[in-house]
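Number of protein chains: 2
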Amino acid sequence: MPKIAMLSTGEEVLYGDIVDTNAAWLSRVFYEHGFSMYKRSTVGDQRASLLQELVMLSLNLDVVIVNGGLGPTSDDLSAEIAAEAADVPLVLNQGWLDTLKSFYAKRGKVMPESNIKQAMLPQGASVVDNPIGTACGFKMMINDCLFYFTPGVPSEFKKMATEQILPDLANHFQTTQGRVCRRIYTFGLSESGIADTLKHLSLPADYELGYRSYLPFIEVKLFGPADDLDTGTRVLAMIEKLLHSNVVSVDEPMLDRLGHLVELNNRTIAISEHATKGYLASWLQDNEKLAQYCGATWILGAKTASPLDRDSEQLGATLALAGATKGNCNADIAISTGKLENDQFSLAISTPKGEWGQTLKLQRTYSNQNVKTVISTVAADMLRRYLENKPMFPDYGFLTRTQDVFLPLDQITT
Amino acid sequence: MPKIAMLSTGEEVLYGDIVDTNAAWLSRVFYEHGFSMYKRSTVGDQRASLLQELVMLSLNLDVVIVNGGLGPTSDDLSAEIAAEAADVPLVLNQGWLDTLKSFYAKRGKVMPESNIKQAMLPQGASVVDNPIGTACGFKMMINDCLFYFTPGVPSEFKKMATEQILPDLANHFQTTQGRVCRRIYTFGLSESGIADTLKHLSLPADYELGYRSYLPFIEVKLFGPADDLDTGTRVLAMIEKLLHSNVVSVDEPMLDRLGHLVELNNRTIAISEHATKGYLASWLQDNEKLAQYCGATWILGAKTASPLDRDSEQLGATLALAGATKGNCNADIAISTGKLENDQFSLAISTPKGEWGQTLKLQRTYSNQNVKTVISTVAADMLRRYLENKPMFPDYGFLTRTQDVFLPLDQITT
């Protein structure tokens, strides 16, 4: 197995102004393909530190993926310093210069002079194509270590890594058995709670569990050999059973699962939002399928009169809002988020089978953005549970339920 | 100036399962105190990689802050490997053991056996106190490099860094003058475009420019000495003048600027969205001030009948929608985003002074999320320009304007 490192460059990464999502992504994807990462490092835009790091890595690693520093500006130094580290000159790559010129020509523009820099590569380096940007990648040897230089723009970097670097590495090196990672998405549990629940599970040899925790979901990851999917599926089913009522989807994010369900049930959806301020509609419609079934959304701002103002009993008001939204928008299903007051909020769903409503209390203090995320996820979970015929009111670890109600069709007064 | 590095340890950081906020935080705080970070690196929990990295850093840096690996479990290896790197044994630190015992005693508990490990330090190391946790920090020399070992828990780490490590470093090393970073937020320019515009600017000694590019904004960062704010302000004004029509705010994000403007003008705002799907309302309301002035938002989904369907001429339809939204919601100002079709979209703003509308075309392919971000930013920029009495139709580098219109009050037919 080759010793692989990633080197991220740029002051904005070194100083944490942007989170280095490329590095985290690459570690995961490489791992899934049987290449594990030995170390990561980050340097700024200073010549001396970049040069020293390239040399140090070249002497201690087999493969290094360098990310960033391929732009047209004067603080983009990767190609120049790579040439210095390998003791070769920079030379013009006519092929890439032509690509750049046609890139601009297609957009009806002339290439700025400063972009010529992006076609200057260390002598002996070969181009790694970037079909969607102006910074070409390149690969070269420095002191017997194989370097891939890649652009910082995430979409360009990811395309290059999956379509070109990974296949190239697989040609250079014998990989270990490919590994796959399968995922169970949970909502409403803590990581230590999940770990406690799963600690007596005896996994087959060669299987490992991992967790990835990001609001609002915790992913349980099952790593195992790529050539034995049956065993993996069996273990996955066991885990799902143990975490049952908090599992929102398996091997696909919750939103994709909801998209399938809505399409399958062929139901149009209308939304009215107060606490979530438009985030719920915006998030759901990130899924193409859900977008096709979404009718109107009504967002009640601070200056909007609504049933939520008229009634101090928020659960009832939120149910009334859902019912009215379903009727006014002529939708099959309506979801409503009520006001957030004293960390407490009500949610309601109005459906052809009746209406469900609940009031929940946040147990922690969240940022504005995270409040919207948590409440929107509970709302989406109500939709999922309705469409899957699941119980509507599960325990959510970080929310306290203070009220819940179900009104069958014949009890709804309009 | 000492060459300073930070080494983060742990599989969960290496694989990006948790974001290394400690590293970003430390870089910023050190910088503000006149110590700049030379590099950062990350290794997992393997003995070999940790040892190799400690040795490599000790030979090339003056100061290294190691973070993580001080816990009581078997995969916490920092103290043990530090001893190995310095070729000294681990010895019991009786002082810290007493601290640990009383830490547990105060909580009415007996210290678990496994915690003894946390009082075993490399011979010659001195304790760096941790008043709020069980993992003590320690400092020691390895190959003439000064190492500080710190716990991974962010609150403990930050307390230790500010209260002990920074003052200690200031004793060891002459610091340079503290530095500040000021920011100009631009929208609609490319990084190379900005660099071309600013390349003839001659900066005073000790000032540096940096860029931070993240959709949809590019921040121009001006780094300079903390004790000469006048010069900084003068340079900032020069840069702002050069980038004039694309500067959306200075020293505060655009959303904060908009919040101030809306409050100052005391205007209520209603929104209707198609292309942006709720993202515009959700984003604007992340700002507390804007949230107070937002009236209702109407989101037109795939299944909603609206003026946008009835009229194939989208600019006119979007203007009509803005006018209707303003009237129906009884707001001072209404903003509308029209349909996105063939990468083209219309936007309109209806105000007490008249209505403005424009149609723009995306020049690149974006993800669903990024499309919403870009269009919402243009919409917010129209609001800003209206409130600041600025020209409404500037050049946006990555958008092509195909139509624009202004209807003064007396030309609006309702």
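Keeping their order, the protein sequence lines are chains A and B.
Per UniProt numbering, the very first residue in the first sequence carries number 1; after that it's consecutive.
Per UniProt numbering, the very first residue in the second sequence carries number 1; after that it's consecutive.
Backbone N, C-alpha and C fix where the C-beta goes; we use that ideal spot for every residue, glycine too.
Just so you know, these numbers come straight off a predicted model, no measurement behind them.
Alpha carbon to alpha carbon, what distance is there between residue j and residue i?
i               : j               : result
A195 of chain B : T73 of chain A  : 6 Å
T325 of chain B : K303 of chain A : 14 Å
L70 of chain B  : S41 of chain B  : 17 Å
D45 of chain B  : Y148 of chain A : 25 Å
A48 of chain A  : A83 of chain A  : 14 Å
E313 of chain A : M238 of chain A : 42 Å
C181 of chain A : D251 of chain A : 9 Å
F187 of chain A : H260 of chain A : 19 Å
T99 of chain B  : Q52 of chain A  : 42 Å
M120 of chain A : H172 of chain A : 26 Å
I165 of chain B : M56 of chain A  : 27 Å
L284 of chain B : G316 of chain B : 25 Å
L229 of chain A : G210 of chain A : 18 Å
Q118 of chain A : F103 of chain A : 13 Å
I142 of chain A : L50 of chain A  : 14 Å
N330 of chain A : Q292 of chain B : 30 Å
Short of 7 Å in beta carbon distance, which residues of its chain neighbour residue i, apart from the five on each side in sequence? Order them along the chain.
i               : result
L26 of chain A  : M6, I65 and A161
T197 of chain B : L242 and L243
K277 of chain B : I299 and K372
P394 of chain B : G188, S245 and N246
L54 of chain B  : I81, A82, A85 and I142
When you compare each of the options to residue i by their alpha carbons, which one comes out closest?
i               : options                           : result
A296 of chain A : A:S306, A:W356, A:S282 and A:T304 : A:S282
L255 of chain A : A:M120, A:N287 and A:P131         : A:N287
D332 of chain B : B:F345, B:V235 and B:Y386         : B:Y386
P154 of chain B : B:H172, B:A135 and B:K221         : B:A135
G68 of chain B  : B:V43, B:Q358 and B:P89           : B:V43
F406 of chain B : B:G397, B:V378 and B:A348         : B:A348
K390 of chain B : B:T150, B:Q174, B:S245 and B:L222 : B:S245
D398 of chain B : B:E388, B:V374, B:L77 and B:L383  : Sequence check: residue 398 of chain B is Phe here, not Asp. Nearest of B:E388, B:V374, B:L77 and B:L383 to F398 of chain B, Cα basis: B:V374.
F35 of chain A  : A:I132, A:V220, A:D144 and A:L169 : A:L169
D144 of chain B : B:E80, B:R401, B:G108 and B:A85   : B:A85
P89 of chain B  : B:D76, B:A79, B:D75 and B:Q123    : B:Q123
E156 of chain A : A:M141, A:V378, A:I132 and A:Q94  : A:I132
A79 of chain B  : B:D62, B:P112 and B:V127          : B:V127
V220 of chain B : B:E191, B:D227 and B:V378         : B:E191
G327 of chain B : B:A226, B:I412 and B:L203         : B:I412
Going along the chain, which residues of its own chain have a beta-carbon closer than 6 Å to the beta-carbon of residue i, five neighbours each way excluded?
i               : result
Y279 of chain B : K372 and S376
G224 of chain B : Y207 and G232
D343 of chain B : K361 and L362
S114 of chain A : P72
N370 of chain A : L215
Assuming the contact rule is C-beta atoms closer than 8 Å, residue i and residue j should be a hit. Round their C-beta distance to whole Å, please.
i               : j               : result
L189 of chain B : L243 of chain B : 7 Å
I271 of chain B : V262 of chain B : 13 Å between Cβ atoms; not a contact.
K139 of chain A : A125 of chain A : 7 Å
A23 of chain A  : S8 of chain A   : 6 Å
L236 of chain A : I184 of chain A : 7 Å
So, is residue i buried or exposed, given that buried needs 16 or more other C-beta atoms within 10 angstroms?
i               : result
G178 of chain B : exposed
T365 of chain B : exposed
L59 of chain A  : exposed
F217 of chain B : buried
G193 of chain B : buried
G301 of chain A : buried
M1 of chain A   : exposed
H200 of chain B : exposed
V110 of chain B : exposed
R212 of chain B : buried
M382 of chain A : buried
A205 of chain A : exposed
A305 of chain B : exposed
G108 of chain A : exposed
L92 of chain A  : exposed
With a threshold of 8 Å on Cβ separation, who are the neighbours of residue i within its own chain once the five nearest residues in sequence on each side are excluded?
i                      : result
residue 424 of chain B : Because chain B here runs from 1 to 414, residue 424 of chain B falls outside it and cannot be looked at.
A322 of chain B        : S272, A334, I335, S336, A348, I349, S350, E355 and G357
residue 421 of chain B : The first residue shown for chain B is 1 and the last is 414, placing residue 421 of chain B beyond what the model contains.
P408 of chain B        : K353 and G354
D129 of chain B        : C136, G137, M160 and Q164
W96 of chain B         : Q118, A119, L121, V127 and C136
T402 of chain A        : Q344, T359, L360 and K361
Step through the CB atoms of chain C and report whether any lies within less than 8 Å of the CB of residue i.
i               : result
D343 of chain A : No chain C is present in this structure, whose protein chains are A and B.
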